[in-house]
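> Once you've had a glance at the structure underneath, I'll fire off some questions.
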Amino acid sequence: MTKMTFGPAFTEEGILFRLWAPLHESVSLKIEGADPRLMQAVGDGWHHSTVADAGVGTRYRFVLPDGLEIPDPASRFQPQDVHGPSEVVDLSFYRWKMNDWTGRPWEEMVIYEMHIGCFTPEGTFKAAIARLDHLQALGVTALQIMPLSEFPGRYSWGYDGVLPYAPDSSYGRPEDFMALVDAAHQRGISVFLDVVYNHFGPDGNYIPSYAPLFTDHHKTPWGNGINYDGDGSEMIREFIIENAIYWITEFRLDGFRFDAVHAIKDDSAEHLLHALARRVRAAAGDRHVHLIVENEENDSDLLQRGENGEVKLFTAQWNDDVHHVLHITATGETFGYYADYTGDAGKLGRALAEGFVFQGEHMPYRGASRGKPSGYLPSTAFISFIQNHDQIGNRALGDRVLASSPADVGKAVAAIYLLAPEIPMLFMGEEWGAREPFPFFCDFDEDLNEKVRKGRREELSRLPGFDADDLLDPTAPSTFAAAKLDWSKLASSEVLRFYRALLDLRHRRIVPLLNGAGAGNAVYRSAGSALAVDWTLAQNRRLHLHANLGAEAAPLVSQQNDGETIFRLGGSDGGNLSPWTVIWSIGEA
301 MTKMTFGPAF TEEGILFRLW APLHESVSLK IEGADPRLMQ AVGDGWHHST VADAGVGTRY
361 RFVLPDGLEI PDPASRFQPQ DVHGPSEVVD LSFYRWKMND WTGRPWEEMV IYEMHIGCFT
421 PEGTFKAAIA RLDHLQALGV TALQIMPLSE FPGRYSWGYD GVLPYAPDSS YGRPEDFMAL
481 VDAAHQRGIS VFLDVVYNHF GPDGNYIPSY APLFTDHHKT PWGNGINYDG DGSEMIREFI
541 IENAIYWITE FRLDGFRFDA VHAIKDDSAE HLLHALARRV RAAAGDRHVH LIVENEENDS
601 DLLQRGENGE VKLFTAQWND DVHHVLHITA TGETFGYYAD YTGDAGKLGR ALAEGFVFQG
661 EHMPYRGASR GKPSGYLPST AFISFIQNHD QIGNRALGDR VLASSPADVG KAVAAIYLLA
721 PEIPMLFMGE EWGAREPFPF FCDFDEDLNE KVRKGRREEL SRLPGFDADD LLDPTAPSTF
781 AAAKLDWSKL ASSEVLRFYR ALLDLRHRRI VPLLNGAGAG NAVYRSAGSA LAVDWTLAQN
841 RRLHLHANLG AEAAPLVSQQ NDGETIFRLG GSDGGNLSPW TVIWSIGEA
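In my numbering, the protein residues as written are 301 to 889.
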């Protein structure tokens, strides 16, 4: 802990409490059970106080000159939520079982997005450990955990966090999270954390009362941008970068998913995202650490590779384009932004072969161009999915519409994205066809709750599947409870057997061909609902997809010799593909 700039530090003289509060000349430290003591102003806005008789378990607050009591912005644990005292913890007490874990190569990733509070009935780190054997047997090699930073109230998606160093106390103690990471590593499963560096939540963020956290120089969907490039920004940047390093080093995480990086505004000589990627990789040393972005702008520059194919900044991006085309195929929904992805199978072909559907072209829904060229990147620079928290949760009822699709349709879209060279990501419960919804939920005070209700009606009314008249109350306990997975449905699931077989095939036949596959190595052809895609992969092998994602038979669009068939769903009759047919084969390049 002494290596970190922020938060309490263990010293020979006792616990050193530190607060960067440049907006105040004096700050006091208040330890529970004792009177406040004036901290020493040590320059550059810092206030220090060393307490000899403080130790693990000590609870404390800082007191500003106007009497406002605040938690430590770098609190490691908040046992009484965001407005309560911070607690001193010593993470060195945890005894790791997997001390030789160095992570897994990126091409081996099969990602599983999960929300700790809804993954199990208990909604805790400890309860999640008991389900890891299921994920290992399924073929999952990485957890992607939705944001954990301490948030206000009893439940939240996590994107309203305000104390980024503290895992939310409703899920357990920090040591419990360490145990979950350790248990995952024991099963060969990497752990990524979804982190939010583009805004802070609206309740419990005290930093603006003592430091220049925000700037009106930049605007975001949440208001003023975080001050990454103005006066006082050096310490704000350090606070965020050290937070990422903290998770990587202290909790031994294997990487991150960075939320909405397009909303991180920074005019510095080195953009925060570049500095963050550089320093996180340096802190990780020789370990495999993977950095994933969510980027509405589809900015392929963040995914650049070096001459030998090595990652320069970020490993991969969530590819919404693949989702949108597969969603339309499975559901027939064409409203909202889905309208821009309708047409023949060529849009899916482009997404599978080149990454983005929109690579600088005008997108009607946005009323502007979107994206940059992406075909020169390797397929593994993109993460494909047919469910995630956004695409489910930003529907009025949070319904998993794909789970209601006919069985042959669901199998066809799963067989495409789980066997394609892109990195696949499942959303929790998808593997057994879970129908529990995943609506947006949060728990603020009544004033903020009403603003959330109103805001979602107004701001999200353009989204597909969103009807203000049917909107669930995001603040109701019943909305959160409805999102919890029902594990009793697992044993009888035919879908689960199908997913296991697909992922077993992926690990045996596809993954060995991804390392060293190069970039810009795919071509596609399409006609109506029929599609053919070829990828030139490693070992001089060619992966080929034939598909008909339609309810009527369709002619083949490629007649060449495809080599060994490794998977077949549906069938072909002469030169025609039956409805909902997917055929994968491997041959010589």
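Each residue gets a CB set at the ideal place from its N, CA and C atoms; glycine is no exception.
#1: Return yes when the Cβ of Ala-832 is within less than 9 Å of the Cβ of Ser-872, no when it is not.
#2: Considering only residues of the same chain and omitting the five flanking positions on each side of Pro-385, which have a CB-CB separation below 7 Å?
#3: Suppose the cutoff is 6 Å on Cβ atoms and the five residues either side in sequence are ignored; what does the same chain contact list for Asp-621 look like?
#4: DSSP on Gly-295, reduced to helix/strand/coil?
#5: For the 8 Å Cβ check, are there 3 or more pairs between the segment 674-685 and the segment 715-733?
#6: Secondary structure at Tyr-637, three-state DSSP: helix, strand or coil?
#7: Which of the three DSSP states is assigned to Lys-647 in this structure?
#8: Assuming Gly-501 contacts Asp-460 (C-beta within less than 8 Å), just tell me the rounded distance between them.
#9: Using a threshold of 9 Å, state whether the C-beta atoms of His-347 and Ser-375 are closer than that.
#10: Determine the burial state of Ser-778: buried for a count of at least 16 other Cβ atoms within 10 Å of its Cβ, exposed for fewer.
#11: Near Phe-798, which residues of its chain fall below 8 Å by C-beta distance, leaving aside the five closest residues on each side in sequence?
#12: How many whole angstroms separate the CB atoms of Ala-583 and Ile-548, which I take to be in contact at a CB cut-off of 8 Å?
#13: Using the beta-carbon count (16 or more within 10 Å), is Lys-303 buried or exposed?
#14: With DSSP collapsed to three states, give me the class of Lys-672.
#15: With DSSP run on the structure shown, which of helix, strand or coil describes Gly-523?
#16: Are the segment 575-590 and the segment 400-419 touching, with three or more C-beta to C-beta distances below 8 Å?
#17: Quick check on the DSSP output: what are the complete beta strand (DSSP E) runs of length 3 or more inside the segment 793-876, in order along the chain?
#18: Give the straight-line distance between the Cα atoms of Asp-353 and Val-388, rounded to the nearest whole angstrom.
#19: Among Thr-881, Gly-850, Gly-875 and Ala-889, which has the Cα closest to the Cα of Asp-862?
#20: Considering Cα atoms alone, identify which of Val-356, Leu-323, Leu-463 and Leu-319 is closest to Gln-340.
#21: Which class does Tyr-360 belong to by DSSP, given the choice of helix, strand or coil?
#22: If you draw a straight line from the C-alpha of Val-496 to the C-alpha of Leu-553, how long is it?
#23: For Lys-647, which residues of its own chain have a beta-carbon under 6 Å away from its beta-carbon, when the five flanking residues on both sides are left out?
#24: Quick one: using the 10 Å Cβ neighbour count with 16 as the cut-off for buried, is Phe-317 buried or exposed?
#25: List the endpoints of the continuous alpha helix (DSSP H) containing Phe-425.
#26: Helix or strand or just coil, what does DSSP make of Leu-785?
In this structure, then:
#1: no
#2: Glu-332, Arg-359, Tyr-360, Arg-361 and Pro-371
#3: Excluding residues up to 5 positions away in sequence, Ala-651, Phe-656 and Val-657 lie with their Cβ nearer than 6 Å to the Cβ of Asp-621 in the same chain.
#4: No statement about residue 295 is possible, as the shown extent of the chain runs from 301 to 889 and does not include it.
#5: The segment 674-685 makes contact with the segment 715-733: 3 or more CB pairs, one atom from each, lie closer than 8 Å.
#6: Under the three-state reduction of DSSP, Tyr-637 is assigned to helix.
#7: helix
#8: 3 Å
#9: Result no, Cβ atoms of His-347 and Ser-375 do not sit closer than 9 Å.
#10: exposed
#11: Closer than 8 Å at Cβ, skipping near neighbours: Lys-711 and Ala-714.
#12: 6 Å
#13: exposed
#14: coil
#15: strand
#16: yes
#17: 822-827, 830-836, 841-848 and 864-869
#18: 12 Å
#19: Ala-889
#20: Of the candidates Val-356, Leu-323, Leu-463 and Leu-319, the one whose C-alpha sits nearest the C-alpha of Gln-340 is Leu-319.
#21: strand
#22: 16 Å
#23: Val-625, Tyr-641 and Val-657
#24: buried
#25: Its alpha helix (DSSP H) spans residues 425-429.
#26: coil
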